[in-house]
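K.L.:
Please find one structure pasted underneath; my questions will follow.
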Amino acid sequence: MRGQTPQGLRSPGRSHGTRRQALAAATAAAIGVMTLGALAPPAASAAGPDAVRQSLNTLVRDGGVPAALASVKDRDGHTRTYTAGVGDLTTGAPVPVDGQVRIGSNTKTFVAVVVLQLVAERRVDLDATVDSYLPGLVRGKGIDGRHITVRQLLQQTSGLPNYSDHLGDDVRYYTPRELLATALRYPADFAPGTRWKYSNTNYVLAGLIVQKVTGRPLAEEIDRRVIKRIGLRHTSFPAPGDARIRDRDGHTRTYTAGVGDLTTGAPVPVDG
């Protein structure tokens, strides 16, 4: 969510630490694998631990990443953590199962939760247009915020082009407005509500709506409404432009591909 998710979105920062720092990218990639697995029907997920290990090994072998990690919770509440690859390319140290990682596009779930809380508070209407909250901001070729609803943003049916497909430099920090401006230089993919297509631009706008309605930064709203509320003690929302991750020992590292916004320890949140 590369800067797949909103507001204070982060593109990957350049590495200034050890090679093991690439673990963040590998772990984030594994999240995607496990997200799909979590949505699979029972017959598809019945293969068990061997299937998980095989998926992670394939990810490391074919995905160009040094390591991958996944936590799986069964119906009885038991959690198993699986790893593949190594946590340090130089020493061959094992993958740390309690390491801090960027969760990338899984941040979208947190944003959607905040939006839906605001809907419950009658401060946001899912069927109101984007222009109702951000007047005049969303305009482009075949793009008009007066005809795109909040619901369509959350459901990825707005037709807005994905800014991630058009970034000239994906290793620098972009503000939400910069990301939106990038997307609006391109025509709509389709008329709102007529199709589905994944676009990170949708959640940039969702985050901007949260900020407009609440008068506070998105990071503060996610922290107050979600992270603290459900006791995610090792989860945080980095400051804008901060490419570092603070480990449990208090040290910070900069990651080659620390995609996304939220930083969290195991177990890894799974969304969509």
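Numbered per our numbering, the sequence shown finishes at 374, counting up by one with no gaps.
Where is the CB? At the ideal position from N, CA and C, for every residue including glycine.
Less than 8 angstroms between the C-beta atoms of Tyr-250 and Val-221, yes or no?
P.N.:
Sequence check: residue 250 is Ile here, not Tyr. No; because the gap between Cβ atoms is not below 8 angstroms, this pair is not in contact.
K.L.:
Using beta-carbon positions only, say whether Ala-308 and Val-240 come within less than 8 angstroms of one another.
P.N.:
no
K.L.:
List, from N- to C-terminal side, the alpha helix (DSSP H) runs of 4 residues or more that fit wholly inside the region 259-345.
P.N.:
278-285, 302-316, 320-324
K.L.:
CB-CB under 8 angstroms to Ala-290, same chain, minus the five flanking residues each way: which ones, in chain order?
P.N.:
Beyond the five residues adjoining it in sequence on each side, Ala-290 comes within less than 8 angstroms, by CB distance, of Gly-242, Lys-243, Gly-244, Ile-245, Gly-261, Leu-262, Pro-263 in the same chain, given in chain order.
K.L.:
Using the beta-carbon count (16 or more within 10 Å), is Pro-198 buried or exposed?
P.N.:
buried
K.L.:
Assign Arg-204 to one of two classes, buried (16 or more other C-beta atoms within 10 Å of its C-beta) or exposed (fewer than that).
P.N.:
buried
K.L.:
Buried or exposed for Glu-322, please, with buried defined as at least 16 other CB atoms from any protein chain shown within 10 angstroms of its CB.
P.N.:
exposed
K.L.:
Give me, in chain order, the residues of the same chain whose beta-carbon lies closer than 6 angstroms to that of Leu-256; leave out the 5 immediate sequence neighbours on both sides.
P.N.:
Ala-214
K.L.:
Leaving out five residues on either side along the sequence, give the residues of the same chain with a beta carbon under 8 angstroms from the beta carbon of Ala-230.
P.N.:
The residues are Thr-251, Val-252.
K.L.:
Would a C-beta distance cut-off of 8 angstroms place Leu-228 and Lys-314 closer than the cut-off?
P.N.:
No, the pair does not count as a contact, with Cβ atoms beyond the cut-off.
K.L.:
Do the CB positions of Ala-285 and Thr-259 come within less than 8 angstroms of each other?
P.N.:
no
K.L.:
Around the Cβ of His-268, are there at least 16 other Cβ atoms within 10 angstroms (buried) or fewer (exposed)?
P.N.:
exposed
K.L.:
Just checking my contact of Val-154 with Ala-170 at CB under 8 angstroms: how many whole Å lie between their CB atoms?
P.N.:
Rounded to the nearest angstrom, the Cβ distance from Val-154 to Ala-170 is 10 angstroms, too far for a contact under 8 angstroms.
K.L.:
What does DSSP give as the partner residues of Asp-246 in its beta bridges?
P.N.:
Arg-241
K.L.:
Can you check whether the CB of Tyr-275 is closer than 8 angstroms to the CB of Pro-319?
P.N.:
no
K.L.:
Looking at the structure shown, is Ala-124 part of a helix, part of a strand, or coil, going by DSSP?
P.N.:
Unreliable placement is indicated for Ala-124, whose pLDDT of 41 sits below 50; the coordinate value is still reported in the next sentence. Correct three-state label for Ala-124: helix.
K.L.:
In the DSSP output, what is Ser-173 paired with across the bridge?
P.N.:
Thr-183
K.L.:
Determine the DSSP secondary structure at Thr-160, reduced to helix, strand or coil.
P.N.:
helix
K.L.:
Run through the DSSP bridge pairs and tell me what Thr-231 is partnered with.
P.N.:
Answer is Thr-251.
K.L.:
Check each candidate in Ser-234, His-180, Ala-186 and name the one with the smallest Cα separation from Leu-311.
P.N.:
The displayed chain sequence assigns Ile, not Leu, to residue 311. Considering only alpha carbons, the answer is Ser-234.
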